[in-house]
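Working notes for the structure below.
2 protein chains.
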Amino acid sequence: MEELPKTEELQDFVTELHDKEHANETVFDRALESLDVTELSLLLEALPIEERLIRWQQVPEAIRGSLLVEMRSQAREPILLSMDGAATEQLLQMLDAVSLIDLADQLSEETIEKALGYLDTKQKQWFESSNQYDSNQIGRFVDHNILTLAVNATVKDALRAIKRGQQKTLDHIYVVDRNNVYRGAVRVKDVLCEKSELRMVRGLIDTAIPTIMASSQYLDSIDELEHADVKNLPVIDDDGRLIGRITHPTALWLLRQHYEGLLMAKAGMAESEDLFIPVMKGARNRAVWLGINLLTAFLASWAIGFFENVLSQVVALAVLMPVVASMGGIAGSQTLALIMRGLALGQVTLGNALALCRQELGISMINGVGWAVVIGVVAFYWFSSVEIGFVIAFAVFANIQAAAVSGVYLPLLLTKFGIDPALSGAVLLTTITDVFGFVTFLGLGTLLLI
Amino acid sequence: MEELPKTEELQDFVTELHDKEHANETVFDRALESLDVTELSLLLEALPIEERLIRWQQVPEAIRGSLLVEMRSQAREPILLSMDGAATEQLLQMLDAVSLIDLADQLSEETIEKALGYLDTKQKQWFESSNQYDSNQIGRFVDHNILTLAVNATVKDALRAIKRGQQKTLDHIYVVDRNNVYRGAVRVKDVLCEKSELRMVRGLIDTAIPTIMASSQYLDSIDELEHADVKNLPVIDDDGRLIGRITHPTALWLLRQHYEGLLMAKAGMAESEDLFIPVMKGARNRAVWLGINLLTAFLASWAIGFFENVLSQVVALAVLMPVVASMGGIAGSQTLALIMRGLALGQVTLGNALALCRQELGISMINGVGWAVVIGVVAFYWFSSVEIGFVIAFAVFANIQAAAVSGVYLPLLLTKFGIDPALSGAVLLTTITDVFGFVTFLGLGTLLLI
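Line order of the protein sequences matches chains W and P. The first sequence lines up with residues 0 to 449 when you count with numbering that gives the first Met the number 0. The second sequence lines up with residues 0 to 449 when you count with numbering that gives the first Met the number 0.
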């Protein structure tokens, strides 16, 4: 048992390696000794690129392959680029099919060809098979570390195979026909407990174990695995051929990737974004999102532009504008969060949208009235004007109602048109509440105040 | 194999049950037949509360307990409240220790006492043991479905125990002394392969299997499990006594809860928030966040209030205000997303904060100059004024720089003061960029335009 929780130990190394006065090779040597590959990958990512390249030279060749695979794609890119021919050659010799799949997008066709040259026939097949699927499909993340037996194998054959096998975590033996078509799974425990060594293994097949199609979305497969009573499930291709299994550690890793991706997507960034990144590249990665946002901000400005007249006469309206926009934005984001979660789980459809909209409007009615009164009173005292108090109270109330309706229907509409609301939902929603809020607020102001 | 992916099937039932003309008991009966407990819980949550209570009556008593446990705490509350004495009694008889732990927060002391009365000594002990830990500690989520043997047990004893045991997923036998202090784990496979039945089981202990402290944060334990080579890890209390194991399905479930919680927290809501909720309760749940947000919005208004003079003279400034605020907010949220991810992984410390700040300022410099020029030119053409173009360009540039610095240091400072930046980070950051942006923009406007 360790004295420090893992993260704290990692944090300490991050800090020590940034301490210019004391940082030297021995600090990283200590890290190499006491951190595992995942933590080492996190540590390397936590170093500015120059420093990362220097420390990389200290990494023993034996773990370089697995370390690169663990790193985020953008974080390992400078390392891959820094390697000369000999170092690349050395690395390629250590990659298996699974690692190669992970690195494939960042290697040239030529380099991949070279790497494939080092693989045996089986590994090459695995690579080709995984490479058919994209990164949303479970087929890309299959574990090939399985034990298969022919349909006519006996328990004796199975026992021999189990003892010969190197698999640390073996639960099932998969039975396949001569074309590698999946016939069923047999629990290792049942084989070990079977008295008659001459019995056919296929007689022990557990029909309760489901199979997963390699072309399935990985989130669906994780659900399936989570609710199956076993720890890994066989994955088959469209022709019913067994291509491997999906394991729980893979599921955990994929789930984490998925959610980290969602969280980063909310800021318009990729999950693979490196913590330290060449400044030019970082700027490019973020520019698009800033640009999209600028368009929506100009849209809001354009809406305000229609009301220059009232703004120049009643400057209090300009002062209070952020309150209208922000109350609508927050109320909308609350409804959106609820609906997005329901959409992801399959709980929200056009079928219950109306019922949800009714509820959200109910909630908005209460909060809308409540906060509108508070805001109206504050504005009344601040600017000594009943009209201004009334105008902002009404605008805040109306904007919170608009936020509720758009919070329910916007993500549903986006989904219907095939657009992922996780990416664009929040931006579009605040654009709606900004524009609606400003127009209501300044429009009513024009009517009542001048 | 099913024809429909799980989520689609669920979506269809949600829609059908909301179709007022055709919805009737048979639709829900079909759902009861073809959905598993998790999906049923999602389906019930997707119904308005009245409808949910009606359908609940159709649920067979045998699955009521597990169905309630699967549901979100706020979603099952109306069901719990609707139960009369007899129904509650019936339910309590079906709960085991793990289910009771899950429901405990929503049951009265009295009801829990009653439920404990139905448990045997072992289950009661499990309940007491889990109940010592809070919902961030792994001890609360321990699986008690383990096989233990005494230190002096032989392989023969172990074989008998394995065959008698009902565990579907048995990887290890845990060896404990007479005080239930953990001594080690033995792989079932090793027991089954052992030739000598008289050998002591403790001789087969696999010392590579780590243990988890029940008081650990569950996220740390999930990390540990993910990187262990086994599918579940023993959990011990502070005195070294074995209290159970942590399994991969639990880890998946906890990880999902964690991230769903993070996503909901960004809108100031709880993960347990019900999709359909009594309107009054929903309004109360969301009011706090709206109130906090209102304070920050008033802070921005207050800052604007100092510049009424320039606003009344140069109305273009009022029109352009949203652009300044929103560019700063978006740039800040990008830096924040990156830093928050690094903080969660232990990659960001005060040690590398300066290096990160330097990088973020570099990125902001490029995007700041680029977008400032674009915005300045647009404003120049829009309002035919070089001064206005310059004022907004400078304000946007400065605000993007401020966003970079606050995006790095704000979450670190919050963490240092023990405040979770996942909850408050974004709100505080946009408050900073709003106020800083408005003051720079309007301040410079005052200097140059009047």
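C-beta atoms are modelled at their ideal positions from N, C-alpha and C, and glycine is treated no differently. Predicted model, so just to flag it, every value in this text is computed and none were measured.
The DSSP assignment places complete alpha helix (DSSP H) segments of no fewer than 4 residues inside the segment 236-308 of chain W at 247-264, 278-304, in order along the chain. Assignment of beta-bridge partners to W/Leu232 by DSSP yields W/Ile245.
Residues Asp228 of the same chain have their beta carbon placed closer than 8 Å to that of W/Ala207, with the five preceding and five following residues left out of the count. The DSSP-derived three-state label of W/Gly345 is coil. Within the same chain, Cβ atoms closer than 6 Å to the Cβ of P/Arg51 are found at Leu43, the five residues on either side in sequence being excluded. Beta-bridge pairing by DSSP links W/Val174 to W/Leu148, W/Gly183. Taking a contact as a CB-CB distance under 8 Å, the pair P/Asp219 and W/His226 does not count as one, their CB atoms being some 25 Å apart. Listed in chain order, the positions of the segment 269-280 of chain P with a beta carbon within less than 8 Å of a beta carbon of chain W are Glu272, Leu274, Phe275, Ile276, Val278, Met279. Collapsing the DSSP output to three states places W/Gln124 in a helix. Residue state for W/Ile338 is assigned as helix, using DSSP reduced to three classes. Chain order gives the chain W residues near P/Tyr258 as Leu254, Arg255, His257, Tyr258, Glu259, Leu261, Leu262, where near means a beta carbon separation below 9 Å. Using a Cβ-Cβ cut-off of 7 Å, W/Glu44 is close to Gln346 of chain P, given in chain order.
None of the residues of the segment 139-153 of chain P has a beta carbon lying less than 8 Å from any beta carbon of chain W. The alpha-carbon separation between W/Glu112 and W/Ala160 amounts to approximately 33 Å.
DSSP places P/Ile211 in the strand class (E or B) of the three-state scheme. Here P/Ser33 really is in contact with P/Glu8; their C-beta atoms are around 7 Å apart, less than 8 Å.
Chain P places a beta carbon closer than 8 Å to that of W/Asn366, counting this residue as a contact. A straight-line Cα-Cα distance of about 16 Å links P/Ala352 and P/Pro420.
In this structure, W/Thr432 places its C-beta atom within 8 Å of the C-beta atom of W/Ala402.
Contact with chain W is found for P/Asn292, since one of that chain's Cβ atoms lies less than 8 Å from the residue's Cβ.
Under the DSSP assignment, P/Leu422 falls in the alpha helix (DSSP H) whose first and last residues are 420-448.
If you draw a straight line from the Cα of W/Asn398 to the Cα of W/Phe437, it is about 9 Å long. Between the alpha carbons of W/Met70 and W/Ile242 lies a distance of about 26 Å. Under the DSSP assignment, P/Ser72 falls in the alpha helix (DSSP H) whose first and last residues are 72-81. At a beta-carbon threshold of 7 Å, the residues of chain P lying near W/Ala250 are Leu251, ordered along the chain. The beta-carbon of W/Pro233 is placed no less than 8 Å from the nearest beta-carbon of chain P. W/Ala296 and P/His17 have their C-alpha atoms roughly 38 Å apart.
Boundaries of the alpha helix (DSSP H) around P/Ile53: 48-55.
By the criterion of at least three beta-carbon pairs nearer than 8 Å, the segment 289-303 of chain P is in contact with the segment 312-328 of chain W. As the crow flies, the alpha-carbon of W/Ser81 is around 29 Å from that of W/Thr6.
In the structure shown, P/Thr153 adopts extended strand secondary structure according to DSSP, grouped into three states. C-alpha of W/Ile62 to C-alpha of W/Gln56: approximately 12 Å in a straight line. Near chain W, meaning a CB-to-CB distance below 9 Å, the residues of the segment 201-213 of chain P are Pro209, Thr210, Met212.
The straight-line gap separating the alpha-carbon atoms of W/Ala378 and W/Gly367 is approximately 16 Å. Here P/Asp104 carries a helix assignment [DSSP, helix/strand/coil]. Less than 8 Å divides the Cβ of P/Val318 from the Cβ of W/Ser300.
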